[in-house]
Amino acid sequence: MTKISFEGRVAVVTGAGNGLGRTYALELARRGARVVVNDLGGSASGSGSSATAANLVVQDIRAAGGEAVANTDSVASRAGGAAIVQTALDTWGQIDILISNAGFLRNNRFEDLTDEQIDSILDVHLKSAFYVGQPAYRAMRARGYGRMLFTGSASAMFGHAWQANYAAGKGAMLGLSNVIALEGSAYGIQSNVILPTASSRLQGEMAPGFMEIPEFARSVQSADFSASEGRLMPEFNTPLALYLVSEACTATHGVYSSNSGRYARVGICAAEGWFAPAGIEPPSVEDIADHFGQIGELGAYSEPMTPYDEFTSVADVARKHGVLARPDARLAQEPTILQAGRGPSTPSGA
1 MTKISFEGRV AVVTGAGNGL GRTYALELAR RGARVVVNDL GGSASGSGSS
51 ATAANLVVQD IRAAGGEAVA NTDSVASRAG GAAIVQTALD TWGQIDILIS
101 NAGFLRNNRF EDLTDEQIDS ILDVHLKSAF YVGQPAYRAM RARGYGRMLF
151 TGSASAMFGH AWQANYAAGK GAMLGLSNVI ALEGSAYGIQ SNVILPTASS
201 RLQGEMAPGF MEIPEFARSV QSADFSASEG RLMPEFNTPL ALYLVSEACT
251 ATHGVYSSNS GRYARVGICA AEGWFAPAGI EPPSVEDIAD HFGQIGELGA
301 YSEPMTPYDE FTSVADVARK HGVLARPDAR LAQEPTILQA GRGPSTPSGA
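Sequential numbering of the sequence shown, starting at 1, is according to full-length UniProt numbering.
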């Protein structure tokens with residue numbers, strides 16, 4: 001069995017004063033990393049601040065013989081994000097690992113969410129990934145090595161009533177991490193997303209009002225938790241998180257679920273679908289209606305890493321469906337819209 005070590009590495013873990021972040025920081029330090037323990041010290045709803053939580057984790061790390069420093073800057077501002085990364089640079093001269101974990105909940109019905117509830121959640125989950133991630137990325141690029149891990153959520157990937165703001169922020173981690181993985185591939189930087197599941201203090205913000213939604217209530221009431229008893233501690237998420245930021249891990253551009261000791265990749269894929277007949281005439285709405293079952297069927301599928309990979313997948317399907325007159329034909333150059341630098345907007349349908 002390969003021993004996973006973080007000797008010589010410097011890690012920044014945001015939201016490391018409690019729960020998941022605390023376990024990440026403790027285990028990173030136990031395995032040799034020097035750790036910046038960042039935590040504003042706010043409540044589960046994001047109110048208040050205190051240095052106590054971060055300092056206690058640092059004390060635990062040092063008591064066990066590890067190296068750590070506390071940082072209490074807010075991840076939700078550019079100045080705070082820069083200060084967090086600068087703490088690592090000032091103390092140890094480098095940053096190799098960023099685990100973007102800080103966050104809180106402010107639940108409400110979609111139609112009742114206020115600007116404050118939306119903005120505060122996007123600030124701490126989405127904008128913080130930029131505010132801390134950008135200076136961390138620059139420092140990693142300069143050294144030619146880096147591991148970035150962003151915290152997503154099953155609430156975003158699969159859906160959770162009364163969490164539209166939270167799901168929007170967490171869902172954005174997928175797009176952000178994918179782009180960092182692509183750009184970072186030129187500089188030795190990898191990026192992934194983890195979907196952790198754990199009982200934590202955030203549960204106190206989970207008011208059961210969402211049970212007013214019949215379909216959601218049915219899902220909750222019929223759920224089988226038999227494999228989860230005693231396995232929802234934050235520590236069950238730590239092994240996957242640490243592997244993804246280790247030197248041993250070569251995976252990037254991925255999303256991984258950790259739930260009750262089951263660890264699995266979560267995929268975003270494009271089904272084979274239905275291909276409109278040959279020619280430049282678009283199909284009608286009725287054509288789509290007639291073939292919608294085929295469009296929605298997840299049979300054979302592709303997993304494009306970029307929008308341009310999807311064009312290749314589309315051409316492969318067109319050949320398979322006999323739509324291309326010449327099966328070996330390839331376009332000599334990209335369509336004009338791609339040459340104009342607007343490629344990503346084309347496959348996304350924006």
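Heads up, the beta-carbon is just placed ideally off N, CA and C, and yes, glycines get one too. What you are looking at is a predicted structure, and each value in this text was computed from that prediction instead of being measured.
Run of the beta strand (DSSP E) containing L176, from where it starts to where it stops: Per DSSP, L176 belongs to no beta strand (DSSP E); it is in the alpha helix (DSSP H), 164-184.
C-beta atoms of G146 and Q190 nearer than 9 Å: yes
DSSP three-state assignment for S222, whether helix, strand or coil: In the structure shown, S222 sits in a helix (DSSP, three-state: H, G or I).
Own chain partners of V10 with C-beta closer than 6 Å, once the 5 adjacent residues on each side are dropped: R34, A88, W92, Q94, I95, D96
From A136 to L98, what does the alpha carbon distance come to, in whole angstroms? 7 Å
Residue(s) in a DSSP beta bridge with E67: Answer by DSSP bridge pairing, in chain order: R34.
Let me know if Q339 comes out buried or exposed under the rule of 16 or more other beta-carbons within 10 Å of its beta-carbon. Because Q339 carries a pLDDT of 44, less than 50, the predicted location of this residue cannot be relied on, and the following value inherits that uncertainty. That one is exposed.
Residue from G19, S153, G81 whose Cα sits closest to the Cα of A56: First, the amino acid is wrong: residue 56 is Leu here, not Ala. The shortest Cα separation from L56 among G19, S153, G81 belongs to G19.
Thinking L149 and V245 are a contact (beta carbons under 8 Å), I'd like their distance in whole angstroms, please. Confirmed, about 5 Å.
Look at the Cβ atom of V132, then the Cβ atom of V69, and state whether they are nearer than 9 Å. no
Whole-angstrom distance between R143 and residue 375, CA atom to CA atom: Lying before the first or after the last residue shown, residue 375 is absent from the chain, which here runs from 1 to 350.
Close beta carbons around H291, own chain, < 6 Å, minus the five adjacent residues each side: Cβ within range, chain order: W274.
Going by DSSP, name the residue or residues bridged to V12. Residue pairing for V12: DSSP places it in a beta bridge opposite V36, L98.
Residue range of the unbroken alpha helix (DSSP H) whose run includes A278: Note, A278: premise wrong, no alpha helix (DSSP H); not H, not E.
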